[in-house]
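Note that the protein sequences, when read in sequence, are chains A and B.
So the mapping is simple: my numbering equals the position in the first sequence, first residue as 1, plus 2.
So the mapping is simple: my numbering equals the position in the second sequence, first residue as 1, plus 12.
Don't be surprised by glycine CBs; every beta carbon is placed ideally from N, CA and C.
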Amino acid sequence: AQSVTQLGSHVSVSEGALVLLRCNYSSSVPPYLFWYVQYPNQGLQLLLKYTSAATLVKGINGFEAEFKKSETSFHLTKPSAHMSDAAEYFCAVNAGGGNKLTFGTGTQLKVEL
Amino acid sequence: NAGVTQTPKFRVLKTGQSMTLLCAQDMNHEYMYWYRQDPGMGLRLIHYSVGEGTTAKGEVPDGYNVSRLKKQNFLLGLESAAPSQTSVYFCASKDGGNTNYGYTFGSGTRLTVV
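See the structure below:
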């Protein structure tokens, strides 16, 4: 069985501050992990993915995530938040080479002036 | 290149009515998926298909049926709509069985059942 847990359904940061969105996974086999972003009234867009190569993964829009096996985590970070980063972010896992992604419940990021 | 196109974008149904949601992709992807998104619950897989003519149940299949008669299309049907099926529905596609590939999502169908 595979699952992801996103800690914090709502996160609020000031513009220019560090963004940290947390994701922990559960998997009995080495996982493939993904972060998706959803802007209002749109579909999901792939931000970045971990596929067992480098543990530090860089994505679009200045986001990156680090795979830590010892902590079963794949947290998403961005050094400096921008107003345009306000969106909902989903962590997802695919373990064992299966055909299905399992999503977390999402984290709504709010960026304040 | 349109990617994944979902129709309709919005729909209001009365309880007991039926409808079909259409998903079309122009990327020649083998795999297609239907998810529903509800507040606080993330995306949950309804049904999926690993190729033309094949379908399989996901996490929450009850009350839905699907068909994949053509590779580019994946239809989601509601035979007798219920208020619990009020949701935003997303279709996604993926190229082949390689887990490295991310999914491409449509922009969603917002369905309200009254």
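Subject >> Residue(s) in a DSSP beta bridge with F36/A >> reply: Counting from one through the first sequence, the residue named residue 36/A turns up at place 34. Answer is K51/A and A94/A.
Original post:
My guess is that K60/B and K102/A are in contact by the Cβ rule of under 8 Å, so how many angstroms apart are they, rounded?
Top reply: If you number the second sequence from 1, residue 60/B lands on position 48. If you number the first sequence from 1, residue 102/A lands on position 100. Sequence inspection shows Tyr at residue 60/B; the Lys mentioned does not correspond to that position. About 7 Å separates the two Cβ atoms, so the contact holds.
**OP:** Can you give me the Cβ contacts of E64/B inside the same chain, cut-off strictly under 8 Å, excluding the 5 residues immediately before and after it?
**Re:** Along the second sequence, one-based indexing puts residue 64/B at 52. Only R80, L81, K82 and K83 meet the Cβ criterion.
Original post:
Which residues mark the beginning and the end of the beta strand (DSSP E) in which L90/B is found?
Top reply: On the second sequence, position 78 is the one that residue 90/B refers to. Segment N85 to L90, the beta strand (DSSP E) holding L90/B.
Original post:
Which residues of chain A have a Cβ atom closer than 7 Å to the Cβ of S99/B, listed in chain order?
Top reply: What you label residue 99/B is simply residue 87 of the second sequence in a count that begins at 1. Within chain A, no residue comes near S99/B; the closest Cβ sits about 14 Å away, beyond 7 Å.
**OP:** Indicate the three-state DSSP secondary structure (helix, strand or coil) for N77/B in the structure shown.
**Re:** Here residue 77/B is taken as the residue at index 65 of the second sequence, counted from 1. Here N77/B sits in strand by DSSP.
Subject >> For S105/B, the three-state DSSP class (helix, strand or coil) >> reply: The residue you call residue 105/B lines up with position 93 of the second sequence. In this structure, S105/B counts as strand in the three-state DSSP scheme.
Subject >> Contact with chain A by G108/B, beta-carbon distance below 8 Å >> reply: Position 96 of the second sequence, counted from the start, is the residue given in the question as residue 108/B. Chain A contact via Cβ: absent.
Original post:
the stretch 26 to 48 of chain A: which residues have C-beta closer than 7 Å to a C-beta of chain B, in chain order?
Top reply: Y34, F36, Q44, G45, L46 and L48
**OP:** Compare the C-beta of S119/B against all C-beta atoms of chain E and say whether one is closer than 8 Å.
**Re:** Looking for chain E here will not work: the only protein chains present are A and B.
Subject >> Contact set for G10/A: own chain, Cβ-Cβ below 6 Å, skip 5 residues either direction >> reply: Indexing the first sequence from 1 puts residue 10/A at position 8. If we look at G10/A and ignore the five residues flanking it on each side, its Cβ neighbours are T109.
Original post:
Under 7 Å Cβ-Cβ, which residues of chain B neighbour Q105/A?
Top reply: Stepping through the first sequence from its first residue, residue 105/A is reached at position 103. For the sequence presented, residue 105/A should be read as Phe rather than Gln. Going along chain B in sequence order, the residues near F105/A (Cβ under 7 Å) are G54 and L55.
Subject >> Touching by the beta-carbon criterion (3+ pairs, under 8 Å), the stretch 98 to 110 of chain B and the stretch 44 to 62 of chain B >> reply: yes
Original post:
K26/B and R122/B: beta carbons closer than 8 Å?
Top reply: Position 14 of the second sequence, counted from the start, is the residue given in the question as residue 26/B. Position 110 of the second sequence, counted from the start, is the residue given in the question as residue 122/B. No, Cβ-Cβ distance for K26/B and R122/B is not below 8 Å.
**OP:** Leaving aside the five residues before and after L108/B along the sequence, list all residues of the same chain whose C-beta is less than 6 Å from its C-beta, in chain order.
**Re:** On the second sequence, residue 108/B is found 96 positions in, with the first residue counted as 1. Checking the displayed sequence, the identity of residue 108/B turns out to be Gly instead of Leu. Taken in chain order, the residues that qualify are E42.
**OP:** Note down, in chain order, each residue of its chain lying with its Cβ closer than 6 Å to the Cβ of Y115/B, except the 5 sequence neighbours on either side.
**Re:** Reading the second sequence from its first residue, position 103 is the one you call residue 115/B. Result list for Y115/B: A104 and K106, in chain order.
Original post:
Are the C-beta of S11/A and some C-beta of chain B separated by less than 8 Å?
Top reply: Position 9 of the first sequence, counted from the start, is the residue given in the question as residue 11/A. True, the Cβ-Cβ gap to chain B drops below 8 Å.
Subject >> Local conformation of Q97/B per DSSP, three classes >> reply: Here residue 97/B is taken as the residue at index 85 of the second sequence, counted from 1. DSSP places Q97/B in helix when its eight states are reduced to three.
Subject >> Reduced DSSP category for M39/B - H, G, I as helix; E, B as strand; rest coil >> reply: For the purposes of this step, residue 39/B is identified with residue 27 of the second sequence, where counting begins at 1. If DSSP states are grouped into helix, strand and coil, M39/B belongs with coil.
**OP:** Please indicate yes or no: does the CB of K83/B lie closer than 7 Å to some heavy atom of the ligand MG?
**Re:** For the ligand MG, the structure offers nothing, since it holds no ligand at all.
Subject >> Three-state class that DSSP yields for K69/B in the structure shown >> reply: Taking the second sequence and counting its residues from 1, one reaches residue 69/B at position 57. Three-state DSSP puts K69/B in a strand.
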